[in-house]
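Student: In the numbering used here, the protein residues as written are 8 to 98.
Built from N, CA and C at the ideal position, the CB exists for glycine as well.
Handing you a structure now.
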């Protein structure tokens with residue numbers, strides 16, 4: 008398991024004793040991220056297994072346009088320009 012973690016095949020190796028804390032920390036980290044964009048990324052990964060290259064590129068193009076119109080995208084750009092931490096709302 009440690010080797011798989013080192014190679015990037017798995018996220019993190021944890022013990023039974025620290026499992027809940029590790030999961031809670033990860034959930035908190037993910038909740039602070041642009042969750043709509045994370046969902047789009049997950050969709051792209053899941054659909055890539057069955058899509059042709061053209062289908063995948065079309066889907067990526069569609070989702071890029073959708074993401075660029077989101078409130079979280081606007082917040083991310085504004086935060087970057089202002090050199091502050093973004094406050095994503097999942098919109």
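1. Write down the C-beta distance between residue 41 and residue 87 rounded to the nearest angstrom, noting that I regard them as a contact closer than 8 Å.
2. Less than 8 Å between the C-beta atoms of residue 74 and residue 47, yes or no?
3. Is the beta carbon of residue 33 closer than 8 Å to that of residue 51?
4. Can you tell me where the alpha helix (DSSP H) with residue 69 in it begins and where it stops?
5. For residue 65, count neighbouring C-beta atoms within 10 Å of its own C-beta (all shown protein chains included) and say buried if the count is 16 or more, exposed if not.
6. Three-state secondary structure (DSSP) at residue 20?
7. Residue 8 by DSSP, collapsed to three states: which one?
Tutor: Judging by the given coordinates:
1. About 12 Å; that fails the 8 Å criterion.
2. yes
3. With respect to the 8 Å criterion, residue 51 and residue 33 are not classified as neighbours on the basis of their beta carbons.
4. 60 to 75
5. exposed
6. coil
7. coil
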